[in-house]
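Peer 1:
In full-length UniProt numbering, the protein residues as written are 1 to 134.
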């Protein structure tokens, strides 16, 4: 784990750190499944961030002002959220064209989220395809 990300995790309440570690693990797992060998882990805007050379940045965070939720952020200039809405509709809650919003007490739809992460990690290669090739 990148040192700055490790430090960021120490700032989260324990119950939130556990959930966000699961999101981090899912991102890393999807990268391996997709054959992405170079995944950069860093902090962007103070949030754990992940980017592959063929994709776009994925960030996640928990904000104290929205204590009962966390968000996974995607580049708002992409077609990612628009595509997620088309593919998965009400499976997710959305914040505009930039984030998936999760309640802390909800069951995360892991299979669907893994697919969304995969699309983001490969975005530069698939952005020209209808529904990103899904």
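By construction, the Cβ of each residue, glycine as well, lies at the ideal position given by its N, Cα and C atoms.
Between the segment 35–44 and the segment 97–110, can you find at least three pairs of beta-carbon atoms closer than 8 Å?
Peer 2: no
Peer 1: Tell me whether the beta-carbon of residue 78 lies closer than 7 Å to the beta-carbon of residue 50.
Peer 2: Contact: no.
Peer 1: Under a CB-based cut-off of 7 Å, is residue 124 close to chain B?
Peer 2: No chain B is present in this structure, which holds just one protein chain.
Peer 1: Which same chain residues end up closer than 8 Å to residue 127 when comparing Cβ atoms and leaving out the 5 residues on each side of it in sequence?
Peer 2: 78, 79
Peer 1: Grouping DSSP H, G and I as helix and E and B as strand, with all else coil, what is residue 139?
Peer 2: Residue 139 lies beyond the stretch modelled for the chain, which goes from 1 to 134, so this question has no answer here.
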